[in-house]
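Protein chains in written order, with our numbering: chain S, 2 to 472; chain A, 8 to 212.
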Ligand code: SF4
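Printed below as a string of structure tokens:
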């Protein structure tokens, strides 16, 4: 059982076709993903033990998955002993209900939020809004998306699809004044807009990048200081944490605090990382809640090949190197988890509807696997999901037609001849490319989503017949 | 069944019950020769202001960096000597009461703290709420943060630095440069919600 914003409303091919028509979007994405690719390669290249760190990162996460029940219980015990209250949620709806009730209990009608994939996944903002509670996103990119009444299109930089002048326009429409579209001026406008909210907020809501079982500590990795504001100034702090975020020991952070910043924003270290363990008298929130969420993670954990997706630390390196993501952007994936990781995580966590097309949203080029700091073999999982999952309608129909033709030699020969006749007029157009974009029905089912090689001028049987005089 | 029991039951049913050995072949010790030089290089790269000085020059250096601030907030355990050259108003947090957020947010306020340990390789200052650092809000709300680092506090890489922390259950803040964002076209831009000016005084000797 799961739910929330991980279930696509439309199949990937339909959504992708529409996004591909937006030239501005493609230009923005191209610029941003190429900037970050170069930065990442530079800072990863200067770490001599990068491969050893990746190996340790992957193994620590695998170890966590194999000991997850014990580690979750340990985390619950240590966090509780440190003064936090731990809650559990089976799915998105339950997690939203828990958080909504906790906010209601404080009497607050506004909460400040640190960017968090888990709260986006469960659709928390929508749930709070329905309960009459304003959820203010404080991360710059989240704020842009919220003001534009849009949805995020990237794990790390939800507004990656907007360029600076579009951002300024969104700000101006919403009464935030930025003198120019210079990034520092835009950052200044966000600072002024949110300052009063931070200083008066009574409830903060966050996710967590890591949860340390041995101590009960939570970790938030961020850049702007909006996270520190939300984690430090309110009286009450509620953190929504996926059950796979556990690390066994504090020492394990020595691996992930090297892997994550270099893989995500391409920096040696992100500007701010906060760790807190329950309640500290006189410092920060005095009421601390932690909501541990399943929402389809255990379904993913049950799959021998697919469970490696749960190692993911949401760095977004796989999105930034993906040729498909670069062209269609995050919205086409219809889930808060877009790109290569989304293509394997969303269908496994939800197993529903249009998500079934997501494992096909890839060329299997393998760039994501090379970039992944925890060595998730995304192509392997994609192929696995294609094999086990139901095939998309078009492909199923094409396969059915093909198998009907291939079951009978005469039908097969006739179909090949038809294909050749259909292709003859385009042979000279295709030229050296040797592929054809549109084949006649029923093979059009195949070429609607891919190019087909031109049919050979002769079949093997025909060639054999002319060479040897018999078929 | 409660949500807790149900989730734990599902996890038990789904998890692979094979023990996993965790290799740790990565560098435990960074191996850089001049840690202070490396730290300074990395701090400058993130647009922090850096001053190197010897212990005698500390008060003068701090006063110079704080010359534009009308008020300095300091945690109760920050040594008197750090501020002996500063002419403006000094507010000690917790003497007798915690300062209000409005005091920290007032124009012209700067904050002076120490740190627990610094990471040379990444240009990171780690604050662990020790007596010369105070609670987390102090180094967050004022727009100007001056941090004193003694050369003996500089560790090479992340593993060495984390291992040096006396009590990792204290609230920890890792600071690498002034607040910044990468949210506009994925380029780093300094100056968002945290202090926009970060000055680091590295005391050598
Ligand atoms: S799958 Fe790997 S590369 Fe992609 S976001 Fe997760 S950790 Fe990063």
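Note that CB positions come from ideal geometry on N, CA and C, so glycine has one too.
A quick note: this is a predicted structure, and the numbers were derived from the prediction, not measured.
- The beta carbon of residue 130(S) sits no closer than 8 angstroms to any beta carbon of chain A.
- Taking the Cα positions, residue 253(S) is about 8 angstroms away from residue 61(S).
- Looking at the DSSP output, residue 206(A) bridges to 56(A), 153(A).
- Taking 8 angstroms as the cut-off, the Cβ atoms of residue 139(A) and residue 204(A) do not count as close.
- The C-beta of residue 194(A) comes closer than 8 angstroms to at least one C-beta of chain S.
- Cβ neighbours of residue 338(S) within its own chain (closer than 6 angstroms, five residues either side excluded): 346, 347.
- Under the 8 angstroms criterion on CB atoms, residue 208(S) is classed as non-interfacial with respect to chain A.
- In the DSSP assignment, residue 205(S) falls within the unbroken beta strand (DSSP E) covering 204-207.
- The ligand SF4 has no heavy atom closer than 7 angstroms to the beta-carbon of residue 323(S).
- Placement of the Cβ of residue 263(S) at a distance of 7 angstroms or more from every heavy atom of the ligand SF4 is found.
- Short of 8 angstroms from the beta carbon of residue 120(A), and not among the five residues preceding or following it, lie these beta carbons of its own chain, in chain order: 81, 82, 85, 134, 139, 140, 141, 145, 146, 152, 153, 154, 155.
- Rounded to whole angstroms, the separation of the alpha carbons of residue 161(A) and residue 100(A) is 26 angstroms.
- Residue-level contact by beta carbon holds for residue 284(S) and chain A, with a gap shorter than 8 angstroms.
- Boundaries of the alpha helix (DSSP H) harbouring residue 387(S): 379-389, taken from the DSSP string.
- At least 8 angstroms separates the CB of residue 92(A) from every CB of chain S.
- In this structure, the ligand SF4 has a non-hydrogen atom nearer than 7 angstroms to the beta-carbon of residue 372(S).
- Between residue 32(A) and chain S, the shortest Cβ-Cβ separation is below 8 angstroms.
- Between residue 195(A) and residue 186(A), the C-beta spacing is not below 8 angstroms.
- Nearest Cα to residue 110(S) within the set 96(S), 121(S), 122(S), 130(S): 130(S).
- Just so you know, the alpha carbons of residue 23(A) and residue 244(S) end up roughly 15 angstroms apart.
- A straight line joining the alpha-carbon of residue 261(S) with that of residue 377(S) spans about 14 angstroms.
- Identification of chain A residues near residue 158(S) by a Cβ-Cβ cut-off of 8 angstroms yields 189, 190, 193, ordered along the chain.
- At a threshold of 7 angstroms, residue 342(S) counts as near the ligand SF4, since its beta carbon sits closer than that to one of the ligand's heavy atoms.
- Taken in chain order, the whole alpha helix (DSSP H) runs of length 4 or more contained in the stretch 92-173 of chain A are 108-112, 165-171.
- Judged by DSSP in its simplified three-state form, residue 61(S) adopts helix.
- Residue 258(S) carries a helical assignment under DSSP once its states are collapsed to helix, strand and coil.
- Listed along chain A, the residues sitting closer than 7 angstroms to residue 63(S) by beta-carbon distance are 27.
- Per DSSP, the continuous alpha helix (DSSP H) segment holding residue 35(S) begins and ends at 24-46.
- Along the stretch 123-147 of chain A, going in chain order, the ones with a CB nearer than 8 angstroms to a CB of chain S are 126, 128, 129, 130, 131, 136, 142, 143, 144, 147.
- Residues are counted here when their Cβ sits less than 8 angstroms from a Cβ of chain A; for the stretch 181-194 of chain S these are 184, 185, 187, 188, 189, 191, 192, given in chain order.
- Taking 7 angstroms as the cut-off, the C-beta of residue 61(S) does not count as close to any heavy atom of the ligand SF4.
- Here residue 207(A) is actually not in contact with residue 69(A); their C-beta atoms are around 11 angstroms apart, not less than 8 angstroms.
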